[in-house]
Every structure is written in C-alpha cells, then in structure tokens.
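The opening position of the sequence shown corresponds to residue 1 in the working numbering, with each subsequent residue numbered one higher.
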Amino acid sequence: AKTADEVGTYNFTGWADDDGVVVVPGTDKFAGDTYLYAQFETVYKNYTVKFMNGEKVFSEKTYHYGDPIEIPATEPTKPADETYYYSFKAWDPDVSEVCYGNATYAATYRSAYNYYRVTWLKDDKSVHTATNYIYNEKS
Numbered sequence: 001a002k003t004a005d006e007v008g009t010y011n012f013t014g015w016a017d018d019d020g021v022v023v024v025p026g027t028d029k030f031a032g033d034t035y036l037y038a039q040f041e042t043v044y045k046n047y048t049v050k051f052m053n054g055e056k057v058f059s060e061k062t063y064h065y066g067d068p069i070e071i072p073a074t075e076p077t078k079p080a081d082e083t084y085y086y087s088f089k090a091w092d093p094d095v096s097e098v099c100y101g102n103a104t105y106a107a108t109y110r111s112a113y114n115y116y117r118v119t120w121l122k123d124d125k126s127v128h129t130a131t132n133y134i135y136n137e138k139s
C-alpha cells in the first residue's frame, strides 16, 4: 500500500520488472533473480482556488497539487461611490505560483477622491469662478 498524501490517493494496479514490463504473479515465469516493483494509479485530489471580488466569486477553478495557478486575465472592478473611485491594486494574499491546496484570494483596491467641479456663474451666464471639491466638502 502507498499512503495517501496531498497529491492524492493511490490504487495498487500490479507489479512490473526493472524494464517496466507488467508481471502477473502465478502466470509469468522467471529465469533468475528478479525485482518486482509495485505499480500504483494516482487518484488526484482536487483543490479549489477562488478569486473573490468583495462577497462575490470573481473566478473559481479546480487544480491538482503542484499545478500552476492561473491569475484571472481580466481585473475585477469596484463601482465608484459618492466620495471615491476605485482601481484594482492586487490580490491578497499574493497569489502562489502553484497550487498547494484550497486557496482564496481577495481583490484589493486603490481609492482616489471623486472631485466635483462647482462653477459660479454671473447674471450673464459667464463664469465668475470654478472650483473642484471633494464630495460633501464645504465651499
């Protein structure tokens, strides 16, 4: 028996000689000392890697242990609010190059103020002055 590990479980499939030729005990004949090696089929464990955008799953994929992890080709977005607009910064934690088990990565964002332009007009509709303000900032 071969012990299960992070890669998967192992099913015994038979015996093979030094050249990899399958040997069937009780059927094959031997002409001298021979080493036979247990052969196993790997049943791979599946691991889930998720990329989250807030509470929503942005991307989800199944991997096997040691598979390279693919970062989503498109970046997630976060809608602007009254005060800020947002741009994607990075995944948190840093994305591993290969899969070592289930993993979840969260989108992080840079924020920048939304500026609102207030223009004071004269009676003739010409500009008296114009100023940029942050949301809810007093003029």
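Every residue gets a Cβ at the ideal spot worked out from N, C-alpha and C, and that includes glycine.
Nearest candidate by alpha-carbon position, reference His-128, set Glu-137, Asn-136, Val-118: Of the listed residues, the one whose Cα sits closest to His-128 is Val-118.
Within this structure, are the beta carbons of Tyr-140 and Asn-114 separated by less than 8 Å? With the chain represented from 1 up to 139, any question about residue 140 goes unanswered, as that position is not in the structure.
Measuring alpha carbon to alpha carbon, tell me which residue in Gly-32, Val-98, Lys-78 is nearest Asp-67. Val-98
For Thr-62 and Lys-45, the rounded distance between their alpha carbons: 10 Å
Expressed to the nearest angstrom, what Euclidean distance is found between the alpha-carbon atoms of Phe-30 and Ala-38? 17 Å
Going by C-alpha distance, which of Asp-17, Lys-138, Asp-123, Ile-69 is nearest Ala-103? Ile-69
Could you check what DSSP says for Asp-92 in three-state terms: helix, strand or coil? strand
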